[in-house]
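Engineer:
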Amino acid sequence: MREIKAPWSIKRELLTKSEDETDPKYGHRPEERPYPDIIKFGIINLDKPPGPSSHEVTAWVKRIIGVEHAGHGGTLEPTTAA
Amino acid sequence: MTGVLPVALEEATKVIQALLRAGKEYIGVMKTHGDVSEKRIKEVFNEFQGKIYQRPPLRASVKRAIRVRTIYYLDALEIEGRNILFRVGCEAGTYVRKLIYDIGRVLGCGAHMHELRRVRAGPFIEDEGMVTLHDVLYLYSRWQETGDMGMLRRFIFPMEKALDLLPKIFIRDSAVDAICHGAHLTAPGITHIESGIKTRDTVAIFTLKGEAVALGTALADSEEMLKVMHGIMIKTERVLMPRGTYPKLWR
Numbered sequence: 016m017r018e019i020k021a022p023w024s025i026k027r028e029l030l031t032k033s034e035d036e037t038d039p040k041y042g043h044r045p046e047e048r049p050y051p052d053i054i055k056f057g058i059i060n061l062d063k064p065p066g067p068s069s070h071e072v073t074a075w076v077k078r079i080i081g082v083e084h085a086g087h088g089g090t091l092e093p094t095t096a097a
Numbered sequence: 006m007t008g009v010l011p012v013a014l015e016e017a018t019k020v021i022q023a024l025l026r027a028g029k030e031y032i033g034v035m036k037t038h039g040d041v042s043e044k045r046i047k048e049v050f051n052e053f054q055g056k057i058y059q060r061p062p063l064r065a066s067v068k069r070a071i072r073v074r075t076i077y078y079l080d081a082l083e084i085e086g087r088n089i090l091f092r093v094g095c096e097a098g099t100y101v102r103k104l105i106y107d108i109g110r111v112l113g114c115g116a117h118m119h120e121l122r123r124v125r126a127g128p129f130i131e132d133e134g135m136v137t138l139h140d141v142l143y144l145y146s147r148w149q150e151t152g153d154m155g156m157l158r159r160f161i162f163p164m165e166k167a168l169d170l171l172p173k174i175f176i177r178d179s180a181v182d183a184i185c186h187g188a189h190l191t192a193p194g195i196t197h198i199e200s201g202i203k204t205r206d207t208v209a210i211f212t213l214k215g216e217a218v219a220l221g222t223a224l225a226d227s228e229e230m231l232k233v234m235h236g237i238m239i240k241t242e243r244v245l246m247p248r249g250t251y252p253k254l255w256r
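Residue numbers (the working numbering), protein chains in the order written: chain A, 16 to 97; chain B, 6 to 256.
1) With H, G and I counted as helix, E and B as strand and the rest as coil, what does DSSP make of Thr18 of chain B?
2) Would you tell me roughly how many angstroms separate the C-alpha atoms of Glu228 of chain B and Leu29 of chain A, rounded to the nearest one?
3) List the residues that DSSP assigns as beta-bridge partners of Lys253 of chain B.
4) When you compare each of A:Lys32, A:Pro65, A:Pro22, A:Arg48 to Pro39 of chain A by their alpha carbons, which one comes out closest?
5) List, in order along the chain, the chain B residues whose C-beta lies closer than 7 Å to that of Arg48 of chain A?
6) Between the stretch 23-34 of chain B and the stretch 55-68 of chain B, are three or more C-beta pairs nearer than 8 Å?
7) Hey, His87 of chain A and Pro11 of chain B are a contact pair by Cβ (cut 8 Å); roughly how many whole angstroms apart?
8) Would you call the stretch 177-192 of chain B and the stretch 33-47 of chain B touching, i.e. three or more CB-CB distances under 8 Å?
9) Could you check what DSSP says for Val208 of chain B in three-state terms: helix, strand or coil?
10) Going by DSSP, what residues sit across from Val12 of chain B in a beta bridge?
11) Which residue's Cα is closest to the Cα of Ile184 of chain B: B:Ile210, B:Thr196, B:Lys203?
12) Pop quiz: Met118 of chain B and Gly33 of chain B are said to be a contact at Cβ under 8 Å. What is the actual Cβ separation, rounded to whole angstroms?
13) Is Ala97 of chain B close to chain A, meaning its C-beta is less than 9 Å from at least one C-beta of that chain?
14) If we count the other Cβ atoms within 10 Å of its Cβ and call it buried at 16 or more, is Thr137 of chain B buried or exposed?
15) Compare the beta carbon distance of Pro247 of chain B and Ile53 of chain A with 9 Å and say whether it is the shorter of the two.
16) Within the 9 Å Cβ cut-off, does Phe91 of chain B reach chain A?
17) Show which residues of chain A have a CB atom less than 8 Å away from the CB atom of Thr212 of chain B.
18) Give the residues from the stretch 62-94 of chain B that approach chain A closer than 8 Å (Cβ to any Cβ), ordered along the chain.
19) Return the chain-ordered list of same chain residues with a C-beta closer than 7 Å to the C-beta of Thr3 of chain B, the five sequence neighbours on each side being excluded.
20) For Ala70 of chain B, count neighbouring Cβ atoms within 10 angstroms of its own Cβ and tell me buried if that reaches 16, exposed if not.
21) Taking Arg177 of chain B as the query, report the chain A residues whose CB atoms sit under 7 Å from its CB, ordered along the chain.
22) For His87 of chain A, go through chain B and note every residue whose CB falls closer than 7 Å to its CB, in chain order.
23) Between the Cα of Val72 of chain A and those of B:Leu104, B:Glu30, B:Met6, spot the shortest distance and give me the residue it belongs to.
24) Using the C-alpha atoms, what's the distance from Gln149 of chain B back to Val82 of chain A?
25) So the candidates are B:Gly249, B:Ala116, B:Met238; which of them puts its Cα closest to the Cα of Asp46 of chain B?
26) List the residues of chain B whose Cβ lies closer than 7 Å to the Cβ of Val27 of chain A, in chain order.
27) For Thr196 of chain B, go through chain A and note every residue whose CB falls closer than 9 Å to its CB, in chain order.
28) Is the CB of Phe50 of chain B under 9 Å away from at least one CB in chain A?
29) Comparing the C-beta of Ala97 of chain A with each C-beta of chain B, is any distance below 9 Å?
30) Helix or strand or just coil, what does DSSP make of Asp156 of chain B?
31) By a C-beta neighbour count over all protein chains shown, 10 Å radius and 16 as the cutoff for buried, is Asp62 of chain A buried or exposed?
32) Given this structure, state the Cα-to-Cα distance separating Leu91 of chain A from Lys203 of chain B, to the nearest angstrom.
Take a look at the structure:
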């Protein structure tokens, strides 16, 4: 059978179409965002504990950090899809 | 089930759709309902790699029509009697419990999934910056006590991390705000392109500082985007950056 590569095994090369510079006056490099943008544009790689649902765990994170919106990427429940 | 659950905050909730469509990796334990040789197990595991047909289980929240899913790899890591420790890399929307059940049917004796842990959700893996709820609670309170932003950075990734597996297009500052207003990306705005993009692929548009601007659909492949001087190259589907972050240099 023909092997199908996992998306995380695909290597890509960066090709240059034209050179340009970015003005430091606007935006921030993602790893240098100031507070509160660290949170506002942030995502947590959470280790879900076994008991509560993905939804409940997300609600706890929301309460701990005191944000208005939070959402999870891909429910982890015994009865649902990967 | 336990394991990797990316939780996006505020504006970052916009990248969730990319994560939902991303591949996953699981480690689990399956139990066969009869004795099977190691050789036979490995043979059947091999048969379940590549494209498989799967009917969603009864309790699934989706339409129960048979659908095709890709299994990138399926390996038996350890076999001990009727217990098999396995690792599977699969496309989004694969029902692993169902996969194990179907493998049991092909083995003849039947099988069920005993335990499952997700070790990857798209670009997020368990041995890179994964934190527990306790860590979140501790580090957030440390931030509140000390005002040290390093405490926040220890458990919060920039939302760009979620887009790591998507092919990337970089654009010049002058093209950014138009995209934030929903405009499509034309050739002159592009500075860099990743190789291997095909027409209709989902791509992520970035600033030269590496900030995510939008998700879009490629209307050309990498080679063509590199060559042509005008025309729409990326159809903007989901804007991620707030308007006005970059100056309005367009009319």
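Where a beta carbon is used, it is the ideal one built from N, C-alpha and C, also for glycine.
Structural biologist: On the basis of the coordinates in this document:
1) helix
2) 12 Å
3) Beta-bridge pairing links Lys253 of chain B to no other residue.
4) A:Arg48
5) Pro163
6) no
7) 7 Å
8) no
9) strand
10) A:Ile59, A:His87
11) B:Ile210
12) 6 Å
13) yes
14) exposed
15) no
16) no
17) Thr37, Gly42
18) Pro62, Arg64, Ala65, Ser66, Val67, Thr75, Tyr77, Tyr78, Gly94
19) Any property of residue 3 of chain B remains undetermined from this structure, which presents chain B solely from 6 to 256.
20) exposed
21) Asp35
22) Leu10, Pro11, Val12
23) B:Met6
24) 14 Å
25) Residue 46 of chain B is actually Ile in this sequence, not Asp. When only C-alpha atoms are compared, the closest one is B:Ala116.
26) Residue 27 of chain A is actually Arg in this sequence, not Val. Going along chain B in sequence order, the residues near Arg27 of chain A (Cβ under 7 Å) are Pro172, Glu199, Ser200, Gly201.
27) Thr31, Lys32, Ser33, Glu34, Asp35
28) no
29) Confidence in Ala97 of chain A is poor, its pLDDT being 43 and thus under 50, which makes the residue's placement too unreliable to answer from.
30) Reading off the sequence, residue 156 of chain B comes out as Met, not Asp. Reduced to three states, the DSSP call for Met156 of chain B is helix.
31) buried
32) 31 Å
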